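For reference, the structure discussed in these notes is given below.
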Amino acid sequence: MHVHRYATPLLLALWLTGCAAQDATQPSLYTRLGGMSTIDNVVENMLYRVADDPEVVVFFANTNIDHFAEAFATQLCDISDGPCQYDGPPMDRAHQHMGINDAHFNRVVEYLADAMEEEGVPLAEQNELLGRLAPLYEDIMRRQ
Amino acid sequence: MRNSSPPALIRGLVFLAVASTLLFSGSALAGSRILGTGGVSAIEGAAGGGLSPWAVLTSTASEQEVGATASVSRAWLDDYRLTVEAASANLYDRVEVSVARQTLDLETLGGELEQTIVGGKVRLFGDVLYHPWGVWSAGFQHKSVADDGIPKVLGAKEGQGNDVYLSASKLVFNAVAGRNLLLNATLRNTDANQGGLLGFGGDSGGRQWVAEGSLGVFVTPKWVVGMEYRQKPDLLGAAEEDDWQSLYSAYFFNKHVSLTAAWLSLGDIAGLASQNGAYASLQAAF
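Quick note, the sequences are listed as chains A and B, same order.
Here numbering that gives the first Met the number 0 is used: the first residue of the first sequence is 0, the next is one more, and so on.
Here numbering that gives the first Met the number 0 is used: the first residue of the second sequence is 0, the next is one more, and so on.
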């Protein structure tokens, strides 16, 4: 029985890196993402990917895309602790009865991740933003 | 009773993997779930990490999609060599079915042991990325050895048996140095000796619940490294067995090809002490 031969050093390493990452003086996620200019670029990049996907773009058929881009950028700014206040409709009402399924949802998440990568957002900030957005899944899917 | 030689199968799989990469390098024919969320092929055929099944279902198929995988794996231990050929299918990210054939070459003792495992897994609820509790699944594995001669000499009662398990998996975003952390826990009810290769039941006890767990850090979205631990029953007085553990690294080239390498520490097997060694596994997914 050698239960802890690997476990102890690995957990220790995880703990140490976790501590190192928790720097109290760290700037906000909004700042680390690159501020509003990066967020605008990410949203635009993502929407080009959506436009190329016939199965997803149909959900935007009755949407003013400029208005959507601005609202989504504001939401990303707000959720990353930036100087914005998202005051659009709540996520469940904004998406109700659209017929969105998990496959559609996953594809948009992938487009957002790919857009962040292409716009030069560091991986840690990509993960942190995706982690803050993940709980929205339940709201978005509630009234499908 | 060998139906195909492993080298031929490996060549076939490599060809399949390369061909699928070239043909489907875009998203065509891939499932829509995020890269890596189908795990790799565990040695018993289910989607998992290598030693243990995970709650995620195989391939990247999502709701309204189907997926399939084929894999070949090999472990080079001090006195044994394990070869696993496996295939699995995912129906609508709700049901997973799998089949695996394990061949254990007894390089020191002579001969070989072989078993076939047919498995099923149902996603009960949740999602590994989006649900606050992660994804939860229940599964079974029906195992039968090709020849129960050696297992019964060692004290096993049966040449076939069934495992049932409950499994949970959860990705924690931004958990370790900005990287995502994948957590898995599995509770399994089993009377399998060395996973079933040494038969089922024995003189030292019967069915019991065992715990399995793993963690993995996605260093990049394509590369996860971590460790697994699998508790095991110890039912044969003549051949004591230990828990299994591994350190693994899995690389997802794309949604169609992944390559896993691991270091295994499997403890005593059939009377031969502390079996360690390397493990490699190649999976093609559609």
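Where a beta carbon is used, it is the ideal one built from N, C-alpha and C, also for glycine.
Everything numeric in this text was worked out from a predicted model, so none of it was measured.
When C-alpha distances from residue 179 of chain B are compared across B/29, B/34 and B/199, the shortest belongs to B/34. Take residue 158 of chain B, set aside five residues on each side of it, and the residues of its chain with a beta-carbon closer than 7 Å to its own are 143, 144, 147, 150 and 198, in chain order.
Contact check for residue 166 of chain B and residue 52 of chain B: beta-carbon distance about 6 Å, within the 8 Å limit, so the pair qualifies. Per DSSP, residue 130 of chain A is one residue of the alpha helix (DSSP H) stretching across 122-132. Sequence-distant partners of residue 173 of chain B (beyond 5 residues in either direction) whose C-beta falls short of 8 Å from its own C-beta, in its chain, are 179.
Around residue 32 of chain B, the beta-carbon contacts reaching into chain A at under 7 Å are 105.
According to DSSP, residue 250 of chain B shares a beta bridge with B/222 and B/258. Going by beta carbons, residue 274 of chain B and residue 195 of chain B fall outside the 8 Å limit. In the DSSP assignment, residue 269 of chain B falls outside any alpha helix (DSSP H) and carries neither an H nor an E. Residues 139 of the same chain have their beta carbon placed closer than 6 Å to that of residue 94 of chain A, with the five preceding and five following residues left out of the count. Just so you know, the alpha carbons of residue 117 of chain B and residue 111 of chain A end up roughly 38 Å apart. Chain B places no beta carbon closer than 8 Å to that of residue 117 of chain A, leaving this residue out of the contacts. Within chain B, not a single residue places a beta-carbon under 7 Å from that of residue 44 of chain A; the smallest gap is close to 17 Å. Listed along the chain, the chain B residues whose CB falls inside 7 Å of the CB of residue 130 of chain A are 172 and 173. Close CB contacts of residue 45 of chain A within its chain, under the 6 Å cut and outside five residues either way in sequence, are with 110, 111 and 114 (chain order).
Look at the stretch 175-188 of chain B: the residues with a C-beta under 9 Å from a C-beta of chain A are 175, 176, 177, 178, 179 and 180. The Cβ atoms of residue 192 of chain B and residue 240 of chain B lie closer than 8 Å to each other.
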